[in-house]
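One line per chain: the protein sequences are Y and F, in this order.
Under this note's numbering, the first residue of the first sequence is numbered 1, with each subsequent residue one higher.
Under this note's numbering, the first residue of the second sequence is numbered 1001, with each subsequent residue one higher.
Cβ coordinates follow ideal geometry from the N, Cα and C atoms, glycine included.
Here the structure is a predicted model, which means the values were calculated and not measured.
Have a look at the structure below before the remarks.
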Amino acid sequence: MNKAFTLATVALTSLLTSFGPGVPGTTVTPDADNAGLKLPSGFGALVATEGLGHARHLTVTPEGDLYVKVEGTRNKGNTIWYLQDTNGDGKIDNKTSFFKYDGTGIEVKGNYLYASSNTDVYRFKLNNKHQVMDTSKAEVIVTGLINRHQHEAKAFKLDNDGNLYVNIGAYSNSCQTKDRTKGSLGMQPCPVLDSAGGIWQFKADKLNQTYGDGVRYATGLRNVVGLDWNTQLNQLFVMQHGRDQLHDLFPDIYDEKQSAELPAECMYALHKGSDCGWPYIYYDQFQHKKILAPEYGGDGKKTGGDHIQDPAAAYPGHMAPNDMLFYTGNMFPEKYRNGAFIAFHGSWNRAPEPQKGYFVVFQPFKDGKPAGDWEVFAEGFAGPGEIKSPGQAQHRPCGLAQGPDGSLYVSDDVKGTVYRIIYKK
Amino acid sequence: MLLMSVAGVGMAQTKSKTAGKANGNTAGKATGSTAGNTASIARGKVLYQNICLACHQADGSGVPRMNPPLIRTSFVLGDKTKLITILLKGLNDDVEIEGEYYSNPMPPQAQLKDEEIADVLTFVRNSFGNKASAIKPAEVKAVRAKIK
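So, in structure tokens, the structure goes:
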């Protein structure tokens, strides 16, 4: 797979760079098969590019160029792609790569490109075309965050006031004394929460920050990969990856079917000081209650955590929300504006039940709150047939980004495909 | 430390492929399908479903970049002592298999009896396209005594 990271030697045809995607009058058309996706009426999709490796989050510049973060090279290959569509046909025709660290997060903010490894957040200075000026010069913004082989991706987002919000995932499933061990009870209090299991806030422009420089902005979040700053509300929204293995660990309380559905994957609207309850409680989307975790004396019915924040919305278990995006573009119909797209990477912890997810959903919003049921927006990433184990999925949606023309980009971390979804009107 | 050598990142793609095939072939001849093995595999299947399946999946394919696959890898088909050690001590390190890295920690399974570990490993070594010799309770016992 290192082959995929060999620096592309596409000659830069600088004469053509005056055209770009998102420029009015360009002719971006869907692929004949809509890139294999099933979409609502009026939408189409094309493969913008493929073969990028394990493509995680992505970000689009005001010029319509893409930066895509890649993981899984163990620092042996380049992990940021810079992608251009120089002739405006929607297909990427110029790509270069740089940066050596695995990880998930990437965002262009102002004149900087931010990108994370599994322990640090870096940034690169951009020129007035939002191109990295010197790919060998990464400034260290945050360093030394915990990475213990579980929930290690440091997904992040920036607000408009110079703050950086970094997920530090829990290095544990449910804070058992013995992690993922049948019957082992929860540690009280859970020591993981001191340095992980939450969102930490740092300054976006201060170098070499670590725990002592940051603020634990929100706690009780097991792991967050998908998050977005809602500019309308000026508020951070996150999607939590809920805990695994209720049946395996507590078979007397949960059967396999319950364990496949529970707990809900939850959306939270955060504020400073939010506590979302992990590991002490989880949210049961059928009972519509916060339920005491079995590690802490729960029996599947006892409620807990009265002081814990309620989720803004709840989704079926284990679907793995790996990105969320508030749509602010003008291309899609009005109902999509200020609502949230969520990329569900797809489950593994439903086995032996069939897996679920592997799609992008739309969550309608009204007056700053989820309003109405979520709906499947784009599916077909995984290929035909039922998915029994995640290795069968041909593609898995992971990152979301909005183009300057209002296109929705979706990355795939199986084969490194970048999809571009457009509305045909 | 033993675990480090098991999970060492130096294992090249080609090496692990070759090792897997070689072991599978030679072990296949040695094993046959004796009645003893059949019974052990049947018991191991139940244990696999109850303990291993959630992470390693029904088809042994694991979870991409999280939980390692158990299909034709040198971890499963190679050195029995290393394999038994992984079950007894768990694994909390990067594992490389054919150029992909797997990082989710595996909890120790030392609470299982020697026979149970032998059964589940014999099942895994003879499922998902694998073909390798059985693991005997005495072999588990010997490894357990050594690492205590």
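Contact set between residue i and chain Y, taken where Cβ atoms lie within less than 9 Å
| i | result |
| --- | --- |
| F:R1065 | H54, E71, G72 and D413 |
Straight-line Cα distance separating residue j from residue i
| i | j | result |
| --- | --- | --- |
| Y:K100 | Y:K69 | 11 Å |
| Y:I141 | Y:Y112 | 12 Å |
| F:I1071 | F:R1125 | 9 Å |
| Y:G406 | Y:A155 | 23 Å |
| F:A1042 | Y:P251 | 22 Å |
| Y:D255 | Y:L262 | 10 Å |
| Y:F381 | Y:S184 | 37 Å |
| Y:D89 | Y:A48 | 9 Å |
| Y:C190 | Y:C175 | 6 Å |
| Y:Y211 | F:V1120 | 43 Å |
| F:N1050 | F:N1092 | 21 Å |
| Y:P397 | Y:D323 | 9 Å |
| Y:Q285 | Y:T181 | 25 Å |
| Y:D65 | F:N1130 | 46 Å |
| Y:P390 | Y:G72 | 17 Å |
| F:E1116 | Y:G297 | 30 Å |
| Y:F326 | Y:E139 | 28 Å |
| Y:K425 | Y:P40 | 12 Å |
| Y:L292 | Y:L246 | 12 Å |
| Y:S14 | Y:Y165 | Interpretation of Y:S14 is limited by its pLDDT of 32, a score under 50 that renders its predicted location unreliable; the figure taken from the coordinates is listed afterwards. Going by the C-alpha atoms only, they are around 36 Å apart. |
| Y:K129 | Y:K38 | 34 Å |
| Y:M331 | Y:I421 | 10 Å |
| F:P1069 | Y:D367 | 46 Å |
| F:K1082 | F:F1075 | 8 Å |
| Y:E375 | Y:G329 | 19 Å |
Within chain F, partners of residue i - CB distance below 8 Å
| i | result |
| --- | --- |
| Y:E50 | Simply none; closest approach about 17 Å. |
| Y:H149 | N1092, D1093, D1094, S1103, N1104 and P1105 |
| Y:G391 | Q1057, D1059, S1061, G1062, V1063, P1064 and P1069 |
| Y:P352 | Q1049, L1053 and A1058 |
| Y:E152 | S1103 |
| Y:D179 | P1105 and P1107 |
| Y:K388 | Q1057, A1058 and D1059 |
| Y:D120 | Within chain F, no residue comes near Y:D120; the closest Cβ sits about 17 Å away, beyond 8 Å. |
Residue nearest to residue i in terms of C-alpha spacing, selected from the options
| i | options | result |
| --- | --- | --- |
| Y:L221 | Y:A269, Y:G277 and Y:P251 | Y:G277 |
| Y:A115 | Y:F365, Y:K157 and Y:Y217 | Y:K157 |
| F:N1104 | F:A1042, F:E1096 and F:L1121 | F:E1096 |
| Y:E353 | Y:G42, Y:T328, Y:V238 and Y:E386 | Y:E386 |
| Y:A401 | Y:A196, Y:I253 and Y:S411 | Y:S411 |
| F:Q1111 | F:A1039, F:G1090 and F:N1037 | F:G1090 |
| F:C1052 | F:D1094, F:Q1109, F:F1075 and F:D1093 | F:Q1109 |
| Y:A371 | Y:L185, Y:A382 and Y:G339 | Y:G339 |
| Y:Q235 | Y:A218, Y:L37 and Y:N223 | Y:A218 |
| F:G1036 | F:A1145, F:N1067, F:A1142 and F:T1122 | F:T1122 |
| F:T1073 | F:A1132, F:I1117 and F:T1085 | F:A1132 |
| Y:I168 | Y:S195, Y:T143 and Y:N160 | Y:S195 |
| Y:F202 | Y:N163, Y:S172, Y:A293 and Y:G186 | Y:N163 |
| Y:Q131 | Y:K95, Y:Y165, Y:H149 and Y:G144 | Y:K95 |
| Y:G305 | Y:S274, Y:T328, Y:G329 and Y:G317 | Y:S274 |
| F:A1145 | F:L1047, F:I1084, F:H1056 and F:Y1048 | F:I1084 |
Check whether residue i and residue j have beta carbons under 8 Å apart
| i | j | result |
| --- | --- | --- |
| Y:V225 | Y:T104 | yes |
| Y:Y315 | Y:A264 | yes |
| F:K1080 | F:I1135 | yes |
| Y:Y419 | Y:A45 | yes |
| Y:T60 | Y:G399 | In the sequence under discussion, the amino acid at residue 60 of chain Y is Val, which differs from the Thr named in the question. No, they are not a contact pair. |
| Y:S117 | Y:D134 | no |
| Y:H345 | Y:A378 | no |
| Y:R74 | F:Y1101 | yes |
| F:A1054 | Y:D248 | yes |
| Y:G151 | Y:N87 | A quick correction: the sequence has His, not Gly, at residue 151 of chain Y. For Y:H151 and Y:N87, no; Cβs fall outside 8 Å. |
| Y:H395 | Y:K369 | no |
| Y:G42 | Y:Y283 | no |
| F:S1127 | F:G1078 | no |
| Y:R243 | Y:N147 | no |
| Y:G458 | Y:A170 | Outside the modelled stretch of chain Y, which goes from 1 to 425, sits residue 458 of chain Y, for which no answer is possible. |
Where residue i meets chain F, residues with beta-carbon distance less than 9 Å
| i | result |
| --- | --- |
| Y:W348 | A1054, C1055, Q1057, G1062, V1063, P1064, M1066 and N1067 |
Within chain Y, partners of residue i - CB distance below 7 Å
| i | result |
| --- | --- |
| F:E1100 | G72 |
7 Å Cβ cut-off: residues of chain F touching residue i
| i | result |
| --- | --- |
| Y:Q245 | A1054 |
| Y:D248 | A1054 |
Residue-level contact to chain C via CB, residue i, 8 Å cutoff
| i | result |
| --- | --- |
| Y:G198 | The question asks about chain C, but that chain is absent: this structure's protein chains are Y and F. |
(request) Assess, as a yes-or-no matter, whether the segment 267-287 of chain Y is touched by the segment 300-315 of chain Y under the definition of 3 or more beta carbon pairs within less than 8 Å. (result) yes
(message) Would you call the segment 226-235 of chain Y in contact with the segment 200-213 of chain Y, where contact means no fewer than 3 C-beta pairs closer than 8 Å?
(response) no
(request) Determine contact between the segment 333-343 of chain Y and the segment 273-291 of chain Y, defined as no fewer than three beta-carbon pairs at a distance below 8 Å. (result) no
(message) Counting beta carbon pairs with one atom in the segment 74-94 of chain Y and one in the segment 45-55 of chain Y, are three or more of them shorter than 8 Å?
(response) yes
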